[in-house]
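Chemist: Chains as they are written, first to last, in this note's numbering: chain A, 20 to 233; chain B, 20 to 233.
Number of protein chains: 2
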Amino acid sequence: MRQALRVHNFFVSADGFGAGEGQSLERPFGHADPRALGAWAMATASWPNRTEPGGSQGLDDYLIRDFHRNIGAEIMGRNKFGPQRGPWQDEQWKGWWGEEPPFHTPVFVLTHHPRPSFALADTTFHFVSGDPADVLSRAREAATGQDVRLGGGAQTIRAFLDADLVDTLHVAVAPIELGSGSQLWHSPSELDDRFHRDEVPRPSGVVHHLLWRR
Amino acid sequence: MRQALRVHNFFVSADGFGAGEGQSLERPFGHADPRALGAWAMATASWPNRTEPGGSQGLDDYLIRDFHRNIGAEIMGRNKFGPQRGPWQDEQWKGWWGEEPPFHTPVFVLTHHPRPSFALADTTFHFVSGDPADVLSRAREAATGQDVRLGGGAQTIRAFLDADLVDTLHVAVAPIELGSGSQLWHSPSELDDRFHRDEVPRPSGVVHHLLWRR
């Protein structure tokens with residue numbers, strides 16, 4: 020079976036923004052509050068950063084658990100990896116996730132600025148340039164038969180959508196507006212010509228959009 | 020982590036019946052039409068008996084895929100295994116599923132009538148008596164660290180609910196009435212004192228109920 024390129028648990032605001040403006044070391048999501056974007060996810064039993072026992076095991080939890088299912092590699096934009104721009108000044112930066120990143124696979128970070136690969140626990144970060152098809156080809160090879168997750172941010176997902184390389188998407192729309200920032204869509208119906216879409220509103224306030232190719 | 024006992028993709032009618040009356044070799048679900056009970060499932064891309072390409076990959080499909088996730092054994096009632104009653108007259112009967120049963124794990128069939136275990140492809144059927152806790156203990160051992168699926172029918176699920184051994188349930192309620200047969204519940208709210216419940220209606224007509232222990 021072909022290795023799919025899948026978006027999972029990508030959080031956006033009701034107006035389609037995955038992050039706000041003004042990303043910095045202190046504010047990875049710029050003016051957006053990640054706790055507001057992801058409140059539904061943080062309430063689930065399977066949320067990886069959960070520190071207390073408990074949490075919901077309803078539908079929101081099912082979707083959170085699918086983050087790792089049959090995934091052998093991730094592709095992410097540079098701004099998901101860190102707030103730096105331009106050439107790497109300091110290779111001490113190893114991402115936002117501390118000593119145990121939640122990926123557990125090879126991760127391909129899109130950047131025009133070369134940097135050596137490095138491993139952190141069971142995640143290996145590679146820094147790659149090239150068009151989306153080339154990068155996907157490298158990620159598929161690294162995924163050894165499993166699927167590839169397209170991790171975002173919004174610009175990165177847009178680039179792979181524009182190249183028509185995305186097979187399925189799970190986008191979770193939070194009931195907040197951001198007004199500006201990194202935008203995935205004005206409306207999910209923009210993709211209806213190319214994707215089927217299942218829209219599932221939940222009591223937690225989130226609306227799950229599940230999309231797959233027509 | 021403790022090995023959970025999980026019900027998955029158990030189909031019932033709007034009035035709570037998992038099967039009709041009058042089970043026979045020709046009618047495994049008695050007077051119930053399994054195509055009406057499971058129409059939503061058969062429309063999904065992941066339905067195991069799908070013979071044509073295509074199928075939905077929306078929420079219904081997510082839930083169908085979870086059938087095998089982290090499952091190391093199944094427990095089922097005798098009537099799920101076959102239409103026979105009383106002592107085994109004919110050990111030629113190997114279940115409804117042909118040469119490749121869809122379980123791919125050890126399966127424990129509840130019966131007071133002894134019969135030797137047998138393997139069919141990568142499924143092994145064991146015939147066991149004893150109270151629910153004893154049977155669950157044997158199934159957990161066979162599941163070697165993974166969870167155990169409680170496969171039904173309704174009476175079997177009720178017996179394990181009465182013994183307070185069930186951790187999570189996914190019950191899919193179809194928009195048909197059966198009037199009589201093997202009944203899981205009059206209403207899902209009967210379990211609300213012991214379980215949280217997430218209720219998710221879909222355009223396919225099914226209502227998914229996801230339950231987990233309080």
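Backbone N, C-alpha and C fix where the C-beta goes; we use that ideal spot for every residue, glycine too.
Given 8 Å as the limit, is there contact between the region 125 to 132 of chain A and the region 92 to 102 of chain A, that is, 3 or more CB pairs closer than that?
Modeler: Cβ pair count under 8 Å is three or more, so yes.
Chemist: Distance, Cα to Cα, B/Asp186 vs A/Ala178?
Modeler: If I take the Cα positions, the gap works out to 43 Å.
Chemist: What did DSSP end up calling B/Ile90 once you bin it into helix, strand or coil?
Modeler: Residue state, collapsed to three classes: strand.
Chemist: I want to verify the contact list: residues of chain B whose CB lies under 8 Å from the CB of A/Asp85, in sequence order.
Modeler: Within chain B, the residues near A/Asp85 are Tyr81.
Chemist: Along chain A, in chain order, which residues have C-beta atoms closer than 7 Å to that of B/Asp217?
Modeler: Correct list: Gly77 and Leu78.
Chemist: Keeping to the same chain, check which residues put their C-beta closer than 8 Å to that of A/Leu78; ignore five residues upstream and five downstream.
Modeler: Within the same chain, A/Leu78 has close Cβ partners Val219, Arg221 and His227.
Chemist: Could you name the residues of the region 164 to 190 of chain A whose beta carbon sits closer than 8 Å to any beta carbon of chain B, in the order they occur along the chain?
Modeler: Against chain B - using a Cβ distance shorter than 8 Å - the residues of the region 164 to 190 of chain A are Thr187.
Chemist: Could you tell me the alpha carbon to alpha carbon distance between B/Thr70 and A/Ala58, rounded to whole angstroms?
Modeler: Their backbone Cα atoms lie some 40 Å apart in a straight line.
Chemist: On the DSSP bridge assignment, give the partners of B/Gln202 in chain order.
Modeler: B/Gln202 pairs with B/Phe36.
Chemist: Cβ of A/Gln174 within 8 Å of Cβ of A/Phe36?
Modeler: Result no, Cβ atoms of A/Gln174 and A/Phe36 do not sit closer than 8 Å.
Chemist: Pick from B/Thr63, B/Lys113 and B/Asp153: whose alpha carbon is nearest that of B/Gly73?
Modeler: Checking every option, the nearest Cα to that of B/Gly73 belongs to B/Thr63.
Chemist: With a Cβ-Cβ cutoff of 8 Å, do A/Gly91 and A/Gly39 count as a contact?
Modeler: Not in contact: A/Gly91 and A/Gly39 (Cβ atoms no closer than 8 Å).
Chemist: Ends of the alpha helix (DSSP H) at B/Trp59?
Modeler: Counting along the chain, the alpha helix (DSSP H) containing B/Trp59 begins and ends at Ala58 to Met61.
Chemist: Taking only beta carbons into account, state which residues of the region 219 to 232 of chain B come closer than 7 Å to chain A, listed in chain order.
Modeler: Result list: Val219, Leu229 and Trp231.
Chemist: Candidates B/His50, B/Phe122, B/Ala152 and B/Asp153: which alpha carbon is nearest B/Ala140's?
Modeler: Looking at the Cα atoms, B/Phe122 is the closest of the given residues.
Chemist: Nearest to A/Pro133 by alpha carbon, out of A/Leu24, A/Asp150 and A/Pro106?
Modeler: If we check each option's Cα against that of A/Pro133, A/Pro106 comes out closest.
Chemist: Kindly indicate which residue of A/Gly49, A/Arg216, A/Gly224 and A/Val225 has the alpha-carbon position closest to the one of A/Arg232.
Modeler: For the residues A/Gly49, A/Arg216, A/Gly224 and A/Val225, the minimum Cα distance to A/Arg232 belongs to A/Arg216.
Chemist: Residue range of the beta strand (DSSP E) that B/Asn28 falls in?
Modeler: Here the beta strand (DSSP E) through B/Asn28 covers Leu24 to Val31.
Chemist: Do you know whose CA, among A/Phe29, A/Asn28, A/His27 and A/Ala51, lies nearest A/Gly200's CA?
Modeler: With distances taken between Cα atoms, A/Gly200 lies closest to A/Ala51.
Chemist: Do A/Ala193 and A/Ala55 count as a contact pair if the criterion is CB distance below 8 Å?
Modeler: A contact, by the Cβ cut-off of 8 Å.
Chemist: If you draw a straight line from the alpha carbon of A/Ser136 to that of A/Asp181, how long is it in whole angstroms?
Modeler: Cα-Cα distance, rounded: 27 Å.
Chemist: Distance check for A/Gln103 and B/Asp212, CA to CA, integer angstroms please.
Modeler: So the two alpha carbons sit approximately 52 Å from each other.
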